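Residue numbers (this note's numbering): 28 to 390.
So this is what it looks like as structure tokens:
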């Protein structure tokens, strides 16, 4: 169900991200959100945001973010209770650095069916080079302890790995870590966003990224043969989805006017990755989403990504990330590392399709 405001139809929110707090116990070298206000969201602000998404009458993803959202665990539990009591059609998720996870929190997330994604950038040596504590110390031991807490109560998780020039040449280590942990079912690669601290970090080159990803896929295939456990790559999964269901830019809810990131103060932005840019402000939870701004921003994102639709790979790529492209200042050109990331997984998919087709023809 869409909402009509000022004679403009507002589509239902499909993705609501709550920045529960601007505080974080890490000081990652590439953090794009480190200048968020150092405050925490009130329950009233969270409730208003949830009600705004629920008003669309459609299922929506409700993701808890930060800062580090587990620093606001009490608030998180209240929001979950509110969603459950009202029987809202929310798919609950949390993206966490995992350092504050222990068994009681892991049990809560399991019992309340909150999907968990954790951040890890490779083996300890690579991870600790960019995911640091405020005193400069490494974070791997804390992250691994959190992942172990999830495993102890039977919770599977996904890993988001941020790729920079620091870790790209040893990127296959993230696959080894996933198998080492035992409860990781999916890996997603997130390229550096040149915002916040990330503006001072060197991005991985397209050539290094292509080589690294081929090693990643080879390592995953080897370990799958040895263990019998497959590992899902979010980019591979997306290519498969696009091959069976046509839907360019379906991943970009902001382009479709279906996304809202709400920071701790209640300000609404079109995307969490664009929250450092005032021009992408949509409104406030007390007054709602400005339909004119929503339309303008959606059009800006759509037009900005126009070059993607002219690419031969678009049908299996689905389009680039506007926020990453915008932050990189690429003007009317695509962001080369992202194109490389997509192309490697497209080729992998096509090669596997060719093998499967050959097998079927023999059978």
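All C-beta atoms in this analysis are idealised placements derived from N, C-alpha and C, irrespective of residue type, glycine included. Note that this is a predicted model, so its numbers are computed, not measured.
Exercise for the section: Would you mind working out which of 175, 177, 188 and 145 sits nearest residue 157, comparing C-alpha positions? Expected result: Residue 157 sits at position 130 when you count from the first residue of the chain shown. If we check each option's Cα against that of residue 157, 188 comes out closest.
Exercise for the section: With a floor of 4 residues, list each alpha helix (DSSP H) that falls wholly inside the region 332 to 359, ordered by position along the chain. Expected result: 333 to 336, 341 to 344 and 349 to 355
Exercise for the section: Mind checking who residue 256 pairs with in its DSSP beta bridge? Expected result: Walking along the chain shown from the start, residue 256 turns up at place 229. Bridge partners of residue 256: none, in fact.
Exercise for the section: Counting only the same chain and skipping the five closest in sequence on each side, list residues whose C-beta sits under 6 Å from that of residue 137. Expected result: Sequence index remark: in the chain shown, residue 137 carries index 110 (1-based). 180 and 182.
Exercise for the section: State the start and end residues of the unbroken beta strand (DSSP E) segment that holds residue 85. Expected result: If you number the chain shown from 1, residue 85 lands on position 58. Premise fails: residue 85 is in no beta strand (DSSP E) and is neither H nor E.
Practice task
Report the residue from 229, 69 and 327 whose alpha carbon sits nearest the alpha carbon of residue 313.
Solution key: Locating residue 313 in the chain shown gives position 286, counting from the first residue. The shortest Cα separation from residue 313 among 229, 69 and 327 belongs to 69.
Practice task
Output the distance between the C-alpha atoms of residue 376 and residue 336, rounded to the nearest integer angstrom.
Solution key: Position 349 of the chain shown, counted from the first residue, corresponds to residue 376. Position 309 of the chain shown, counted from the first residue, corresponds to residue 336. Taking the straight line from one Cα to the other gives about 20 Å.
Practice task
Could you say if the region 306 to 321 and the region 58 to 69 meet the contact criterion of at least three C-beta pairs nearer than 8 Å?
Solution key: no
Practice task
Indicate whether the contact test is met: 3 or more Cβ pairs, each with one atom in the region 343 to 350 and one in the region 264 to 275, closer than 8 Å.
Solution key: yes
Practice task
Run the CB neighbour count on residue 90, radius 10 Å, all protein chains shown included, and call it buried at 16 or more, exposed below.
Solution key: Looking up residue 90 in the chain shown gives position 63. Per the 10 Å Cβ criterion, buried.
Practice task
Express the C-alpha separation of residue 265 and residue 320 in angstroms, rounding to a whole number.
Solution key: Position 293 of the chain shown, counting from 1, holds the residue named residue 320. Position 238 of the chain shown, counting from 1, holds the residue named residue 265. Their Cα atoms are separated by approximately 30 Å.
Practice task
Note down the Cα distance separating residue 81 from residue 268, rounded to an integer number of angstroms.
Solution key: The residue given as residue 81 occupies position 54 in the chain shown. The residue given as residue 268 occupies position 241 in the chain shown. Answer to the nearest angstrom: the Cα atoms are 27 Å apart.
Problem - Other residues of its chain near residue 352: CB distance less than 8 Å, five sequence neighbours each side excluded - result: Here residue 352 corresponds to residue number 325 of the chain shown, with the count starting at 1. Same-chain partners within the cutoff: 331, 332, 361, 362 and 365.
Problem - Straight-line gap, residue 384 to residue 93 (C-alpha atoms, nearest Å) - result: To locate residue 384, count along the chain shown from 1; it is residue 357. To locate residue 93, count along the chain shown from 1; it is residue 66. Residue placement at residue 384 cannot be trusted, given a pLDDT of 46 that sits under 50; what the coordinates show is reported in the next sentence. Straight-line Cα distance between these residues: approximately 45 Å.
Handout entry: Reduced DSSP secondary structure (H/G/I, E/B, other) of residue 289
Key = Along the chain shown, read from residue 1 onward, the residue named residue 289 stands at position 262. Reduced to three states, the DSSP call for residue 289 is strand.
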